[in-house]
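Working notes, beginning with the structure itself.
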Amino acid sequence: MTTPAFRRVLGYSVRNLVRSRWIVGYGILLFLVADALFRFSGGGPRGAASLMNVVLLVVPLVSVVFGTLHFSGSREFIELLLAQPVGRRTLYTALYLGLAVPAALVFIAAVGIPALMHGGAGLARPMAMTLLTGVLLTLVFTSLAFLCGVRFDDRARGLGMALLAWFAAVVVYDGLILVITTVFRQYPLEKPLLVLTLANPVDLGRVLMLMTFDVAALMGYTGAVFSRFLGTSLGILIATLALVAWAVGPALLGLRGFQRKDF
Amino acid sequence: MMHPLVIAGLVKGFDRMPVLRGVDLTLEPGQVTALVGPNAAGKSTLIKCVLGLVRPDAGRIDVFNEPAGADPHYRRFIGYMPQLPRFPDNLTGQEVLDFLASLRAGQDDRAIAVAEAIGLTVETLARPVRTLSGGSRQKLNAVVALRYDAPLLILDEPTASLDPLSSGHLKDLVRQRKDDGTAVLLTSHVMAEVEELADRLVYLVEGTVRFNGSMDELRLVTGERKVERAIAQLMRQAA
Chain A
72 MTTPAFRRVL GYSVRNLVRS RWIVGYGILL FLVADALFRF SGGGPRGAAS LMNVVLLVVP
132 LVSVVFGTLH FSGSREFIEL LLAQPVGRRT LYTALYLGLA VPAALVFIAA VGIPALMHGG
192 AGLARPMAMT LLTGVLLTLV FTSLAFLCGV RFDDRARGLG MALLAWFAAV VVYDGLILVI
252 TTVFRQYPLE KPLLVLTLAN PVDLGRVLML MTFDVAALMG YTGAVFSRFL GTSLGILIAT
312 LALVAWAVGP ALLGLRGFQR KDF
Chain B
-6 MMHPLVIAGL VKGFDRMPVL RGVDLTLEPG QVTALVGPNA AGKSTLIKCV LGLVRPDAGR
54 IDVFNEPAGA DPHYRRFIGY MPQLPRFPDN LTGQEVLDFL ASLRAGQDDR AIAVAEAIGL
114 TVETLARPVR TLSGGSRQKL NAVVALRYDA PLLILDEPTA SLDPLSSGHL KDLVRQRKDD
174 GTAVLLTSHV MAEVEELADR LVYLVEGTVR FNGSMDELRL VTGERKVERA IAQLMRQAA
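The structure is reproduced here in structure tokens:
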């Protein structure tokens, strides 16, 4: 995998990205929000819990929007790169990692530094899980963004589909769960809801963080089912693996589409 | 004899719409072949098939006896100048050149000489791509294509956005490469450019080659002395 061409494309991609105003603005915004939350919550686990919504809403949104725009905006240069002696698999993988890894590192720095500055002793475990969840959600939604970029040549359609995926994960999904639990309340719903949790990376992220924070009241129906059925340790493991699968699955689908694509 | 490019029975369609319908084409070393035709004739698709950007439905493409397709190695033989250059905005022109050079390690690199010849200064190359004019981007595009000793050049509307002086420099470079034995496949809507550079002309209409011959043969077949009028004659015949 790490051929010289892979390393060169990766290096180019990272260099291009770190000079982007998007990534700088994203880092500053996350830093200011995290700093304010820790500052005003006294630096305890409450600060980490307050960060949850930022991680669950902002990180997927920024990843999916920026990923789609980045891929679509690079289309002509990608064509030029494909006219060089570089394989499609090498190019796609390097471009994906060249975006997702720096974005994840920016997230770790922008959220981790305020936590280190203001955090108390009890913050290590919740913050580790917050960072893990943010990194995994960055990888997941960048994968989805690249998949949309590959599938839709039209930039507006690609962005529209990417935003639809985000909207489905953060808004529609909760409504769907509410409808299901209301309509089928006389049936045992634990197992179907367990499966439904696995179908939404944002909900998996929420479950992952709340199981660590041990804030049952915020867990919601799916989180409570997840925790009750699997227990904390197994639940965390399964949620983490499911999020990894959510990152790898769309990335592989995107790669397959990229390898077969007519530019 | 090893031909720079051999295309045999090339077929390609998009959404059941045929774009290329069995194209045959062979390029000779040291010749400029102009690929012309009306809009939607299939010129871009043909070029993209050669570059491996578009996967043919049927047919065969060989570049110096290596099949074009999955293995990207054959592209070391090709210098490509696309019609619409779009480089990463946040890198400088020099960084773009350095990056692309790193993908072709081992190939003779004449980037500085080509940049000088075409009027692209070191100062311009030191600026971020987003600050470059359309003409400077096109010059950068030309350097990317012409810098290597690639024995097959594919130039898609190469003088678009260039001023007359730079356009002249670029054409001089193409002629120089031709004299060195490079095969050139050129598409252009500027017939004066075709007349000036091309040794052969391939006329493509609706994915079919309607004419493939030397410029003298073109004049003979159409009875026109000027290439522009000769092409117009071909278009009338094809209509």
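Here the protein sequences come in this chain order: A and B. The first sequence begins at 72 in my numbering and counts up by one. The second sequence begins at -6 in my numbering and counts up by one. Every residue, glycine too, gets a C-beta built ideally from N, C-alpha and C.
Given this structure, state the Cα-to-Cα distance separating residue i from residue j, to the nearest angstrom.
i	j	result
Leu103(A)	Tyr97(A)	10 Å
Gly82(A)	Pro263(A)	44 Å
Leu260(A)	Thr252(A)	7 Å
Gly220(A)	Arg218(B)	49 Å
Thr85(B)	Ile309(A)	45 Å
Gly190(A)	Val315(A)	28 Å
Glu88(B)	Val129(A)	33 Å
Val47(B)	Ala171(A)	27 Å
Ala185(B)	Glu221(B)	7 Å
Ala63(B)	Leu265(A)	42 Å
Val198(B)	Leu162(A)	34 Å
Ser136(A)	Ser145(A)	It is worth fixing the name first, because residue 136(A) is Val in this sequence and not Ser. Cα-Cα distance, rounded: 14 Å.
Arg170(B)	Asn134(B)	16 Å
Leu(-2)(B)	Leu39(B)	12 Å
Glu210(B)	Gly169(A)	52 Å
Ser207(B)	Gln131(B)	29 Å
Leu148(B)	Arg168(B)	13 Å
Ala61(B)	Arg196(A)	54 Å
Ala154(A)	Tyr73(B)	7 Å
Val157(A)	Gly45(B)	11 Å
Gly161(B)	Thr152(B)	9 Å
Thr213(A)	Gly325(A)	11 Å
Arg103(B)	Leu203(A)	47 Å
Ala295(A)	Arg117(A)	20 Å
Val319(A)	Phe217(A)	12 Å
Ala236(A)	Gly276(A)	16 Å
Can you give me the start and stop residues for the beta strand (DSSP E) that residue i sits inside?
i	result
Gly2(B)	Leu(-2) to Phe7
Ser37(B)	Per DSSP, Ser37(B) belongs to no beta strand (DSSP E); it is in the alpha helix (DSSP H), Lys36 to Leu44.
Val195(B)	Arg193 to Val198
Leu18(B)	Met10 to Leu20
Leu28(B)	Val25 to Val29
Thr215(B)	First-last for Thr215(B): Met208 to Thr215, but that is the alpha helix (DSSP H), not the beta strand (DSSP E).
Val56(B)	Ala51 to Val56
Less than 8 Å separating the Cβ of residue i from some heavy atom of the ligand SAM?
i	result
Gln24(B)	As far as ligands go, the structure on display features none, and thus does not contain the ligand SAM.
Assuming residue i is part of the alpha helix (DSSP H), what are its boundary residues?
i	result
Leu176(A)	Arg159 to His189
Val258(B)	No answer is possible for residue 258(B): the residues shown for chain B start at -6 and end at 232.
Met74(B)	Segment Ile71 to Met74 is the beta strand (DSSP E) holding Met74(B); no alpha helix (DSSP H) there.
Gly205(A)	Ala195 to Arg222
Met228(B)	Val220 to Ala231
Leu113(B)	Taken as a continuous stretch (DSSP letters only), Leu113(B) belongs to no alpha helix (DSSP H), as it is neither H nor E.
Phe238(A)	Arg226 to Phe238
If I measure Cβ to Cβ from residue i and keep anything under 8 Å in the same chain, skipping five residues before and after, which residues do I get?
i	result
Asp82(B)	Pro121, Val122 and Arg123
Asp50(B)	Val4, Lys5 and Gly6
Gly229(A)	Thr139, Phe142, Ser143, Cys219, Gly220, Arg222 and Phe223
Thr19(B)	His(-4), Leu(-2), Val(-1) and Ile0
Leu151(A)	none
Thr74(A)	Thr161
In chain A, which residues lie with their C-beta within 7 Å of the C-beta of residue i?
i	result
Arg97(B)	Gln155 and Pro156
Asn83(B)	Asn87, Arg90 and Ser91
Pro65(B)	Pro156, Val157 and Gly158
Gly41(B)	Residue 41(B) is actually Lys in this sequence, not Gly. Result: Phe334.
Starting from the beta carbon of residue i, find every residue of chain A whose beta carbon is closer than 8 Å, and list them in chain order.
i	result
Val47(B)	Asp333 and Phe334
Leu20(B)	By Cβ distance, chain A contributes nothing, its closest Cβ being about 17 Å from Leu20(B), past 8 Å.
Ile224(B)	Within 8 Å Cβ-Cβ: nothing; Ile224(B) doesn't reach chain A, min ~27 Å.
Ile71(B)	Ala154
Which bits of chain A does residue i rub up against, with CB to CB less than 9 Å?
i	result
Arg68(B)	Leu153, Ala154, Gln155, Pro156 and Val157
Pro(-3)(B)	Correct list: empty, because the minimum Cβ distance to chain A is about 16 Å.
Between which residues of its own chain and residue i is the CB-CB distance below 7 Å, once the five residues before and five after are set aside?
i	result
Leu227(B)	Tyr196, Arg203, Phe204 and Thr215
Ile94(A)	Leu88, Pro173, Ala174 and Val177
Asp274(A)	Tyr244, Thr268 and Thr293
Ser84(A)	Ala165, Leu166, Gly169 and Leu170
Find the residues of chain B that neighbour residue i, judging by a C-beta separation of less than 7 Å, and give them in chain order.
i	result
Glu150(A)	Leu46 and Pro75
Ala76(A)	Leu96
Tyr83(A)	Phe92
Apart from the five residues just before and just after residue i, which ones in its own chain have a Cβ nearer than 6 Å to its Cβ?
i	result
Gly306(A)	Met282, Phe297 and Ser298
Met198(A)	Ala119 and Ala186
Ala76(A)	Val157 and Thr161
Under 9 Å between beta-carbons, which chain B residues line up against residue i? List them in chain order, please.
i	result
Glu147(A)	Pro75, Leu77, Pro78, Arg79 and Phe80
Arg228(A)	Those do not exist, as Arg228(A) stays about 16 Å from chain B at its closest Cβ, beyond 9 Å.
Taking Cβ-Cβ distances shorter than 8 Å, what residues in chain B pair up with residue i?
i	result
Arg79(A)	Phe92, Ser95 and Leu96
Compare the C-beta of residue i with all C-beta atoms of chain E and state if any pair is closer than 9 Å.
i	result
Leu96(B)	Note that chain E does not occur in the displayed structure, where the protein chains are A and B.
At which residue ranges does the stretch 86 to 169 of chain A contain complete alpha helix (DSSP H) runs of 4 or more residues, listed in the order of the chain?
92 to 111, 116 to 124, 130 to 144 and 146 to 153
Whole alpha helix (DSSP H) elements within the stretch 138 to 176 of chain B, 4-residue minimum
Runs found: 157 to 172.
Could you give the uninterrupted runs of the alpha helix (DSSP H) lying entirely in the stretch 253 to 334 of chain A, keeping only those of 4 residues or more?
261 to 269, 272 to 284, 291 to 301 and 303 to 331
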